[in-house]
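Chains P and F, in that order, are what the protein sequence lines are. For the first sequence, the working numbering begins at 32 and goes up steadily by one. For the second sequence, the working numbering begins at 32 and goes up steadily by one. Quick reminder that beta carbons are idealized off the backbone N, C-alpha and C, glycines included. Bear in mind the structure is a predicted one, so any value in this text is a computation, not a measurement. Some notes on the structure that comes next.
Protein chains: 2
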Amino acid sequence: MAKNRVRVLPLGGVGEVGRNMWVVECGDEIVILDCGVMFPDADMLGVDLVLPDMSYLREKTSKIKGILLTHGHEDHIGAVPHLIADLGFPPIFATGLTHGLLGNKLKEHRLLDKVSQVVITDSDSFTVGSFHVEPFHIAHSIPDAVGFAISTPGGMVVYLTDWKLDHTPVDGKPTNLQKISELSQRKPLVLITDCVRVESKGYTPSEATVGEAFDNIFAIAPGRIIMATFASNISRVQQAIDSAEAYGRKVLLAGRSMENNSRIALEMGFLRAEAGTLIRPHELNSYPDDQIAVVCTGSQGEPMAALNRMANRDHQHLKIKPGDTVVVSATPIPGNEVSVSRVINNLFKLGADVIYGGDARVHVSGHAAQEELKLVLALLRPEFVLPFHGDYRHMIIYRKMAVGMGIGYTNENVLIPEPGGIMEFAPGFGKQISKTPVGYIYVDGTTVGDVGNVVVRDRQMLAKDGMLIVVVGIDMSNGSLVSGPDVVSRGFVYMRQSQDLVEATKDTVRAALAQPNGDALTSVDSAYVNRKIKEVVSEFLYRETRRRPMVLPVVMEV
Amino acid sequence: MAKNRVRVLPLGGVGEVGRNMWVVECGDEIVILDCGVMFPDADMLGVDLVLPDMSYLREKTSKIKGILLTHGHEDHIGAVPHLIADLGFPPIFATGLTHGLLGNKLKEHRLLDKVSQVVITDSDSFTVGSFHVEPFHIAHSIPDAVGFAISTPGGMVVYLTDWKLDHTPVDGKPTNLQKISELSQRKPLVLITDCVRVESKGYTPSEATVGEAFDNIFAIAPGRIIMATFASNISRVQQAIDSAEAYGRKVLLAGRSMENNSRIALEMGFLRAEAGTLIRPHELNSYPDDQIAVVCTGSQGEPMAALNRMANRDHQHLKIKPGDTVVVSATPIPGNEVSVSRVINNLFKLGADVIYGGDARVHVSGHAAQEELKLVLALLRPEFVLPFHGDYRHMIIYRKMAVGMGIGYTNENVLIPEPGGIMEFAPGFGKQISKTPVGYIYVDGTTVGDVGNVVVRDRQMLAKDGMLIVVVGIDMSNGSLVSGPDVVSRGFVYMRQSQDLVEATKDTVRAALAQPNGDALTSVDSAYVNRKIKEVVSEFLYRETRRRPMVLPVVMEV
Numbered sequence: 032m033a034k035n036r037v038r039v040l041p042l043g044g045v046g047e048v049g050r051n052m053w054v055v056e057c058g059d060e061i062v063i064l065d066c067g068v069m070f071p072d073a074d075m076l077g078v079d080l081v082l083p084d085m086s087y088l089r090e091k092t093s094k095i096k097g098i099l100l101t102h103g104h105e106d107h108i109g110a111v112p113h114l115i116a117d118l119g120f121p122p123i124f125a126t127g128l129t130h131g132l133l134g135n136k137l138k139e140h141r142l143l144d145k146v147s148q149v150v151i152t153d154s155d156s157f158t159v160g161s162f163h164v165e166p167f168h169i170a171h172s173i174p175d176a177v178g179f180a181i182s183t184p185g186g187m188v189v190y191l192t193d194w195k196l197d198h199t200p201v202d203g204k205p206t207n208l209q210k211i212s213e214l215s216q217r218k219p220l221v222l223i224t225d226c227v228r229v230e231s232k233g234y235t236p237s238e239a240t241v242g243e244a245f246d247n248i249f250a251i252a253p254g255r256i257i258m259a260t261f262a263s264n265i266s267r268v269q270q271a272i273d274s275a276e277a278y279g280r281k282v283l284l285a286g287r288s289m290e291n292n293s294r295i296a297l298e299m300g301f302l303r304a305e306a307g308t309l310i311r312p313h314e315l316n317s318y319p320d321d322q323i324a325v326v327c328t329g330s331q332g333e334p335m336a337a338l339n340r341m342a343n344r345d346h347q348h349l350k351i352k353p354g355d356t357v358v359v360s361a362t363p364i365p366g367n368e369v370s371v372s373r374v375i376n377n378l379f380k381l382g383a384d385v386i387y388g389g390d391a392r393v394h395v396s397g398h399a400a401q402e403e404l405k406l407v408l409a410l411l412r413p414e415f416v417l418p419f420h421g422d423y424r425h426m427i428i429y430r431k432m433a434v435g436m437g438i439g440y441t442n443e444n445v446l447i448p449e450p451g452g453i454m455e456f457a458p459g460f461g462k463q464i465s466k467t468p469v470g471y472i473y474v475d476g477t478t479v480g481d482v483g484n485v486v487v488r489d490r491q492m493l494a495k496d497g498m499l500i501v502v503v504g505i506d507m508s509n510g511s512l513v514s515g516p517d518v519v520s521r522g523f524v525y526m527r528q529s530q531d532l533v534e535a536t537k538d539t540v541r542a543a544l545a546q547p548n549g550d551a552l553t554s555v556d557s558a559y560v561n562r563k564i565k566e567v568v569s570e571f572l573y574r575e576t577r578r579r580p581m582v583l584p585v586v587m588e589v
Numbered sequence: 032m033a034k035n036r037v038r039v040l041p042l043g044g045v046g047e048v049g050r051n052m053w054v055v056e057c058g059d060e061i062v063i064l065d066c067g068v069m070f071p072d073a074d075m076l077g078v079d080l081v082l083p084d085m086s087y088l089r090e091k092t093s094k095i096k097g098i099l100l101t102h103g104h105e106d107h108i109g110a111v112p113h114l115i116a117d118l119g120f121p122p123i124f125a126t127g128l129t130h131g132l133l134g135n136k137l138k139e140h141r142l143l144d145k146v147s148q149v150v151i152t153d154s155d156s157f158t159v160g161s162f163h164v165e166p167f168h169i170a171h172s173i174p175d176a177v178g179f180a181i182s183t184p185g186g187m188v189v190y191l192t193d194w195k196l197d198h199t200p201v202d203g204k205p206t207n208l209q210k211i212s213e214l215s216q217r218k219p220l221v222l223i224t225d226c227v228r229v230e231s232k233g234y235t236p237s238e239a240t241v242g243e244a245f246d247n248i249f250a251i252a253p254g255r256i257i258m259a260t261f262a263s264n265i266s267r268v269q270q271a272i273d274s275a276e277a278y279g280r281k282v283l284l285a286g287r288s289m290e291n292n293s294r295i296a297l298e299m300g301f302l303r304a305e306a307g308t309l310i311r312p313h314e315l316n317s318y319p320d321d322q323i324a325v326v327c328t329g330s331q332g333e334p335m336a337a338l339n340r341m342a343n344r345d346h347q348h349l350k351i352k353p354g355d356t357v358v359v360s361a362t363p364i365p366g367n368e369v370s371v372s373r374v375i376n377n378l379f380k381l382g383a384d385v386i387y388g389g390d391a392r393v394h395v396s397g398h399a400a401q402e403e404l405k406l407v408l409a410l411l412r413p414e415f416v417l418p419f420h421g422d423y424r425h426m427i428i429y430r431k432m433a434v435g436m437g438i439g440y441t442n443e444n445v446l447i448p449e450p451g452g453i454m455e456f457a458p459g460f461g462k463q464i465s466k467t468p469v470g471y472i473y474v475d476g477t478t479v480g481d482v483g484n485v486v487v488r489d490r491q492m493l494a495k496d497g498m499l500i501v502v503v504g505i506d507m508s509n510g511s512l513v514s515g516p517d518v519v520s521r522g523f524v525y526m527r528q529s530q531d532l533v534e535a536t537k538d539t540v541r542a543a544l545a546q547p548n549g550d551a552l553t554s555v556d557s558a559y560v561n562r563k564i565k566e567v568v569s570e571f572l573y574r575e576t577r578r579r580p581m582v583l584p585v586v587m588e589v
């Protein structure tokens, strides 16, 4: 690596949202920016989480001086407990709330005492190795979020992701435009920025507009109000509490992550409630319906979350009934549309009035729309820009937008990052110079990495047509069938109703194992018998049913 | 059943879109309205299609006088080939294009010569049994669509689904408001209507507005234009052809259903093109890029359709390249958002400019929005209304809308139909009187009904954590283990990397099959051994991995 160049590369998702993790490297020093998980795509069957691939760092752990976290969302902090040991336990730099939320995770993984959590503010600079880091406040859908300006010997990298402008944020702290303006005086070399809402023209509305919609609902709802939102959206929870207090309602916080996050935010002063506002489940019956508000998890239709349990009459304390007003204060994340829709339908079935969708104005995004992206680029004027944290198309549209502004950006200095693409920068120089392999690292259950693409492909095959086991006992001395064939199947056909098919399958196996003249095979080994059975049974079943179950022969040598 | 009552019941989906099929019964006569399929939900693993459940009709086939089809979409005609034999081959009444599209299906199922296809027009009434049927034209996203007014001895049922008003339809035939107005003079008893866009305020824009957007694109696109849309949306294809002709481009129709449907529509005069406009794949290279337009399938991100093949560089004739303009002239059907998004990203990666989404105005719905639903209700004034063909919430919102109009509708005469809910009507009387069981009937491969809920549940389990087969040979005379345990797994862990886990699993089996004193079991039967292995292995694997693969013991008696 050339001296005095800054190397920048993503180890997680760039043309997809999630698994945010960047490496900034200069000389012998590395800092890591964010360390998040991705929730699996629908075709990653049975996978719980997807992690960034840190193969690039494997031989370099001694160079890692620290991890900088921007904010407390899963896609930015969720991989820390899974990867921190392999990274050699570098210190983690983050603001108070981010550390609070991370600490909760570390505790669950019994890592709390092994990790060095350095608390930073949004205004005091600090050093990581020889890099000078200046954090600055940004407005997002979680409080205490920051961007970072990282000055390395090779130049300044600004990491500004998951932000919007919001001139009237609920916590009173807008994105620090003064700081961004000031950084522009110092010739920032590279800006790494999210671009997920570049397709949305204009500006993202302020979080405060949601509060107005809440007030309108709280003013007229005849019975209980049940509001589902992201547990991490503390400002949203705050606005629900504010509306409840204004209209004389008690508030129950429901759902594990809602309770956990709110507890941490209350303790740290990021969430405020008057004494007596927050109640416990057993107090629900002490108040009339029109004095109750519930703020709960499940806005994405997650099967086990509070809202879906209520919609399925499966919640311990809350049964939906006519007169309830349910507010879904969120937009479905792509892929969750059907689950969310199903929950809403079930709530209607139970007689609730449900308020949801764009027209209701009960949700705004935490990400910058196109005019905001333009404004910050025009203000900061970095030499190079790496848009990420969006689909691939968003990155392309961002580049087109930047070039179209006519302030000097070309396709050469708006780089479209690739997963694992190693880019190097110096004043007047910036390009991808090579690539490190990065794949999907799956977490399934408690273990990381033992489920790979082969296993997921098998699951896809099993999911489609099920499987069929053929058991035979073969006398290896003469190749004759001494027991079986027996057939066991799951997920293929309902066996009891398909006896003809089962018998015909057995006949197919018997015929295949017999010689043309009806004698047993003379020369035999179990691998051959295995392959033979698989071949004839697969072919037979496809001919009969047009399905391709996984055929698994079990050959017992007797 | 009371005499002179009309019985109405749905056998397919009502609180979900698809599987449209209604029974209208009076005296000893039945007509069936539509006979459609549903595309499976994401959790119906491996299922190809879902059919209505016609158990109610099983003992009544002699009463069935005919099937009336409104239009040629899959969710209205797709179940005919699967169910027509069980229904006793009643005659099918439909307009020319609907019959053309149905005929194509019947041919594939070798049923063409067995089915009586009666061609009707949108203006000539006819009789089915003793019922008098008056068809009338409606505007929808496919030409030659009709509604039906069915006069029975018990009263008139109006079936008006999948319609919009559209004063400027591409085929020049708007919804026949005069007929609807005229029917209102004859005291219609029941209206069955779709309600899927009741959440959308105002009016659905005319199909003609899409043509204007097309013209704007065709006027400036620098290279080829590749447009994906529904193969059945003949008017949309017509508008693409019109724009191509106006701007001097040749048109290639690509994708099997696009070719089939267009051929039928061209033959029947529903689609028109000047001589020489339509070209064959091998002619693509004879014209410069800016004289080429391709109209293709794949607007829903279907993996095997033309657009996705192009996006994956897997199409025989078409490779996407920079300079291409791709137009996605459709909205993702709920559940397809992620697939569509993936295709669009891949097209961007190949350098295409992609035009999609609401802002681009390259798609309009074929269904009525709220003001249209109100207008038709106010005009027709049926005594009872059954909203369907929407999610459950749409039915509830429709009822609220109808009641809120203040023209006499109450919760009692806007009935929310249930699947299999048997409703009876007479002037002054209308309610659900009982219920017939209806379930999901799955088509998987070539067969109907042999995949049921048990099989699908097994697939879900296999999809989540895979499976593990444990093979043992037991000497039944003394219960001793004479061969194995062997372990085979798929979709659980990658076996080669998990030898320790495999060995520990085998040890667990050995230990379970040994007596406390280390001796072999004394009393033994294979069902017991089977259950024992399943229990200990499941428990062991869950403890080790927090996963629950399906454990399948294979016990060979030796």
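query, result
"Test item: CB-CB of F/Leu532 and F/Val524 under 8 Å", "yes"
"When F/Gly307, F/Tyr318 and F/Leu302 are compared against F/Arg255, the one with the closest alpha-carbon", "F/Tyr318"
"Anticipated Cβ contact below 8 Å, F/His420 with F/Val227, distance rounded", "6 Å"
"Exposure of F/Tyr440, with buried meaning 16 or more beta-carbon neighbours within 10 Å", "buried"
"Interface partners of P/Glu368 on chain F, CB under 8 Å", "Pro365, Gly366 and Glu368"
"Simplified DSSP assignment, three categories, for F/Ala262", "coil"
"Proximity below 8 Å, CB of F/Pro41 to CB of F/Pro450", "yes"
"Contact the stretch 190 to 203 of chain F vs the stretch 137 to 145 of chain F: 3+ CB pairs below 8 Å", "no"
"Terminal residues of the alpha helix (DSSP H) in which P/Pro112 lies", "Val111 to Leu114"
"P/Gly549, DSSP secondary structure in three states", "Confidence at P/Gly549 is low in this model, with a pLDDT of 49, below 50, so its placement is unreliable and no value can be given for it."
"Test: P/Val325 CB closer than 8 Å to a CB of chain F", "no"
"Where the alpha helix (DSSP H) through F/Gly178 begins and ends", "Per DSSP, F/Gly178 belongs to no alpha helix (DSSP H); it is in the beta strand (DSSP E), Ala176 to Thr183."
"Nearest-angstrom Cβ-Cβ length linking F/Gly46 and F/Ala110, presumed shorter than 8 Å", "Rounded, the Cβ-Cβ distance is 18 Å, inconsistent with contact."
"Within-8 Å CB hit, P/Tyr559 to chain F", "no"
"Any chain F beta carbon closer than 8 Å to P/Lys195", "no"
"Assigned exposure category for P/Phe16 - 16 Cβ within 10 Å defines buried", "Residue 16 of chain P is absent from the structure shown; chain P starts at 32 and stops at 589."
"Endpoints, the beta strand (DSSP E) within which P/His168 is located", "Phe162 to Ile169"
"Three-way DSSP call (helix, strand, coil) for F/Leu222 in this model", "strand"
"Beta-carbon separation (whole angstroms), F/Ile95 vs F/Gly119, contact threshold 8 Å", "6 Å"
"Assigned secondary structure, P/Ile427 (DSSP; H/G/I helix, E/B strand, else coil)", "helix"
"Chain F contact for P/Gly286 (CB, 8 Å cutoff)", "no"
"The stretch 322 to 341 of chain P touching the stretch 162 to 171 of chain P, judged by at least three CB pairs closer than 8 Å", "no"
"Proximal residues to F/Pro547 (C-beta, below 6 Å), its chain only, five neighbours per side dropped", "In this prediction, F/Pro547 has a pLDDT of 48, which is less than 50 and means its spatial position is unreliable; what the coordinates show is noted afterwards. So the list is empty, once near-sequence residues are dropped."
"Stretch pair the stretch 237 to 252 of chain F + the stretch 351 to 369 of chain F: three plus CB contacts closer than 8 Å", "yes"
"Nearest-angstrom Cα separation, counted from P/His198 out to P/Gln209", "13 Å"
"Contacts that F/Tyr423 makes with chain P (C-beta to C-beta distance below 7 Å)", "Asn376, Phe379 and Lys380"
"Within chain P, the residues that F/Tyr525 reaches when beta carbons sit closer than 8 Å", "Asp481, Val482, Gly483, Val485 and Val486"
"Under 8 Å between C-beta atoms of P/Phe157 and P/Ser182", "no"
"Any C-beta of chain P under 8 Å from that of F/Ile427", "yes"
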